[in-house]
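Here the structure comes first, spelled out in structure tokens, and everything after it is commentary.
Protein chains: 2
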Amino acid sequence: MALPQRLVECVPNFSEGRRQDVIDEIVAAIRSVPRVWILDVESDPDHNRSVITCVGEPEAVVDAMFRAIAKAAELINLDEHEGEHPRIGATDVVPFVPLRGVTMQDCVELARLLGQRVGEELGIPVYLYEAAATRPDRENLANIRKGEYEGLKEAIKSDPDRAPDFGPRELGPAGATVIGAREFLIAFNVYLNTDDVSVAKKIARAVRHSSGGLRYVKALGMLVGGQAQVSMNLTNFKKTPIFRVVEMIRREAARYGCTITHSELVGLTPLEAMLDVAQWYLQLDDFTASQVLERRLEEVIGE
Amino acid sequence: MALPQRLVECVPNFSEGRRQDVIDEIVAAIRSVPRVWILDVESDPDHNRSVITCVGEPEAVVDAMFRAIAKAAELINLDEHEGEHPRIGATDVVPFVPLRGVTMQDCVELARLLGQRVGEELGIPVYLYEAAATRPDRENLANIRKGEYEGLKEAIKSDPDRAPDFGPRELGPAGATVIGAREFLIAFNVYLNTDDVSVAKKIARAVRHSSGGLRYVKALGMLVGGQAQVSMNLTNFKKTPIFRVVEMIRREAARYGCTITHSELVGLTPLEAMLDVAQWYLQLDDFTASQVLERRLEEVIGE
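Just so you know, the protein sequences line up as chains A and B, in that order. All residue numbers for the first sequence refer to the numbering used here, where the first residue is -14 and numbers rise by one. All residue numbers for the second sequence refer to the numbering used here, where the first residue is -14 and numbers rise by one.
Right under this line is the structure:
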């Protein structure tokens, strides 16, 4: 089967990482919608949270998410939920990501559409975030999730700044859901030839946005298997490309007498991000994706 | 339409680059076979030669090539052919290239199959070359083409070393055809920040196989638009990858006080070659092509 002309990715986070039967029922709700495909399901018992990566045609994905949110509200009670990861809802976060034949603005529309249905039909308060945010202080997920489920219970009623974009101004046991649109997120880690975690921490501070570094980089320094690692989320590879991050880390590491031993991509990365890397290092000024044989074959045969 | 599970590339060279009606008839002969797609037709009047790039299912491509060779034999008379490029036949060279679901050995079989049909049914002498060669001195195209059409006329009869693999030991006006199997060829040029062509020539000598450099590199130094250029054919990007060639040129250029200003890929390149570049520079030890989102989508949706 040829790939659909229009594809979005959606990565809903559910506040259940322990009861496999609950996770299975949520997955089944998503699978019940044709033209939606699940790429990955990751459940973390410590976080008590599951992250489902799916792709599909835009309208189908909205439908699948609605069913999954309804199912999660039925099976997960936030009053009984414990876990390390911050959360405000049974379905905690639902980001739409443009993949193919779809713009960011299209994804903002999908987020609003889903948000309205969830608010009105399920009675769950919905906050729009990132590219779909209706106010600047809601672009950042952390602001919306402040105080978590327990804190929001009171604040949603009393604080006008915490009024949801859709749905009632009160929380039931399913909590509230954050829905939005963002760019594809690349999880990328760089390892250094040292067991001194302080070097990784200093480099993380240098490259990440929050402390003065590159705009679309979140970074932490940690020790993994006895090796210092700079662990990152790259939240917009088009504006802050991987090669620039790596070369900055390389230079900072050199200043501490260190080098990069290797790096790793966790999960998936768009082809464009990898081609950008090859193009930059080879200095291929006029390169276009149509020069990739497989892309050209799709153009000639696939359509 | 989804891409076929088995695909070969074929890049036949015909000794006609001036008469458009002849080129059109050859192209039409290829197009008359279903499941074969033409990606590119390049005609050079000075060389009096056309290169057609096509892809398709293996058996269909063999059929299309047979029809094209028959058509070229009907319309091109080597006794009347002039051009700068060395040639021995109306259809001069026909390389098969494995693309997808097909091995190099499969392509060797296709070359033999086509060679036998061309020799027996069309009475055109056929030499097998590169991976399909039946003797080591026929791996190199230049050896087979020695003396060109005019020289081969006599030699094919008198010299046992010039006996063809298929077909008669005498040349008609369609000459002989060289058929074989090889890896995908990447045409890659690197530009230097100098107008001194001697630097490009020295670097070309350093990196190319024939004068002691990298195994699967052919290189020439030239002046293009007033800028020194190292012009290359990379004949096996799996064994001599692009990044290694570029880094060697970078180092050699530095020795002459020069740097690379930019580079270019002429025509198409397999995705794998570009991913290899990104993987090497980012030091992504455990990267696999399945981590490319689009590849993953094909696996999940496309099959």
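Heads up, the beta-carbon is just placed ideally off N, CA and C, and yes, glycines get one too.
Membership of proline 80(A) in the beta strand (DSSP E) is indicated by the continuous run 76 to 85.
By the rule that beta-carbons nearer than 9 Å mark a contact, glutamate 168(B) does not touch chain A.
Exclusion of the five residues before and after glycine 197(A) leaves no residue of its chain whose Cβ lies closer than 6 Å to its Cβ. At a cut-off of 9 Å, the C-beta of valine 40(B) has a neighbouring C-beta in chain A. Between arginine -9(A) and the set Ile141(A), Val40(A), Tyr114(A), the nearest pair of CA atoms involves Val40(A). In the three-state scheme derived from DSSP, where H, G and I count as helix and E and B as strand, alanine 148(A) is classed as coil.
Taking a C-beta distance under 9 Å as the contact criterion, valine 111(A) and glycine 152(A) qualify as a contact pair.
A residue is called buried when at least 16 other Cβ atoms come within 10 angstroms of its Cβ; threonine 88(A) does not meet this threshold and is exposed. The stretch 156 to 165 of chain B makes contact with the stretch 90 to 101 of chain B: 3 or more CB pairs, one atom from each, lie closer than 8 Å. Going by beta carbons, alanine 140(A) and arginine 130(A) fall outside the 9 Å limit.
Check the Cα spacing between asparagine -2(B) and each of Cys243(B), Arg16(B), Asn33(B): the tightest is with Asn33(B). The beta carbon of glutamine -10(A) sits no closer than 9 Å to any beta carbon of chain B. DSSP places isoleucine 234(B) in the uninterrupted alpha helix (DSSP H) bounded by 227 to 240. Counted as a single uninterrupted DSSP element, the alpha helix (DSSP H) harbouring serine 143(A) occupies residues 133 to 143. Below the 8 Å Cβ cutoff, chain B contributes Val277, Leu278, Glu279 as neighbours of proline 255(A), in chain order. Counting only runs of 4+ residues, the alpha helix (DSSP H) found wholly inside the stretch -2 to 81 of chain A occupies 5 to 16, 43 to 60, in chain order.
Between leucine 219(B) and leucine 170(B), the C-beta spacing is below 9 Å. Looking from the CA of glutamate 155(B), the closest CA among Pro121(B), Ile73(B), Ile37(B) belongs to Ile73(B). One finds nothing in chain A with a Cβ atom closer than 8 Å to the Cβ of tyrosine 134(B); even the nearest lies about 33 Å away. Taking C-alpha positions only, alanine 55(A) is separated from alanine 45(A) by approximately 16 Å.
With 16 or more other CB atoms across the displayed protein chains lying within 10 angstroms of its CB, serine 248(B) is buried.
For valine 192(B), the CB contacts under 8 Å within the same chain, skipping 5 residues up- and downstream, are Gly198, Leu199, Val202, Ala204, Val215, Met217, Val230, Met233, Ile234, Glu237 in chain order. Around valine 231(B), the beta-carbon contacts reaching into chain A at under 7 Å are Leu267. Leucine 177(A) is bridged by DSSP to Ile245(A). Per DSSP, isoleucine 109(B) is not a residue of any alpha helix (DSSP H), being assigned neither H nor E. Against chain A, the beta carbon of phenylalanine 272(B) has neighbours under 7 Å at Leu250, listed in chain order. In this structure the stretch 267 to 281 of chain B lies against the stretch 246 to 260 of chain A, because at least three pairs of beta carbons, one per stretch, are closer than 8 Å. Each of Ala213(B), Leu126(B), Val209(B), Ile188(B) was checked against the Cα of valine 182(B), and the nearest Cα belongs to Ala213(B). Around the beta carbon of aspartate 270(B), fewer than 16 other beta carbons sit within 10 angstroms, so the residue counts as exposed. The three-state reading of DSSP puts glycine 165(A) in strand, counting E and B together. Cα atoms of glycine 100(A) and alanine 239(A): separation of roughly 48 Å, rounded to the nearest angstrom.
Between the alpha carbons of valine -4(B) and leucine 282(A) lies a distance of about 15 Å. In terms of Cα proximity to phenylalanine 272(A), the closest of Arg20(B), Gly287(B), Leu250(B), Ala263(B) is Leu250(B).
For lysine 187(A), the enclosing alpha helix (DSSP H) starts and ends at 182 to 192.
Between phenylalanine 81(A) and chain B, the shortest Cβ-Cβ separation is not below 9 Å. Counting only the Cα atoms, arginine 20(B) lies some 32 Å from glycine 157(B).
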